[in-house]
Amino acid sequence: MFGKILYQGTDGYAEYLLADENGVMVIACMQPGYTGMRVKLYRVEWTEADGYRAHMAVYNLQDAILVFKAQTNRLAAEAEAGRTNQ
């Protein structure tokens, strides 16, 4: 799914889902600016093994991609380790 609106406030603030893979999401948090909508920050969210919903805010897309890749790889490795231990 790309570009799904997750939240839209009455003041123009909006959150758009940019990526969702294996429970790791990248969300663009946008607000109105002088020339239209602008990204305020990117939030990366994921669920830890204990059920805790973790998140990290970054200020550029490149950092969001790096965090997204790191978390999807880590969660996949943890899931694989859990399957091999059973």
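Take the sequence shown: its position 23, counting from 1, is numbered 25 in this note's numbering, and each next residue is one higher.
All residues carry an ideal CB built from backbone N, CA and C; glycine is no exception.
The DSSP assignment places 63-87 as complete runs of the alpha helix (DSSP H) inside the segment 35-87, in order along the chain (cut-off: 4 residues). The segment 11-23 makes contact with the segment 33-53, as at least three CB pairs between them are under 8 Å. Assigned with DSSP and collapsed to three states, Asp22 falls in strand. If you compare the alpha carbons of Val60, Tyr61, Asp52 with that of Ala81, the shortest gap goes to Asp52. If you compare the alpha carbons of Gln10, Val41, Ile67, Gly84 with that of Glu47, the shortest gap goes to Ile67.
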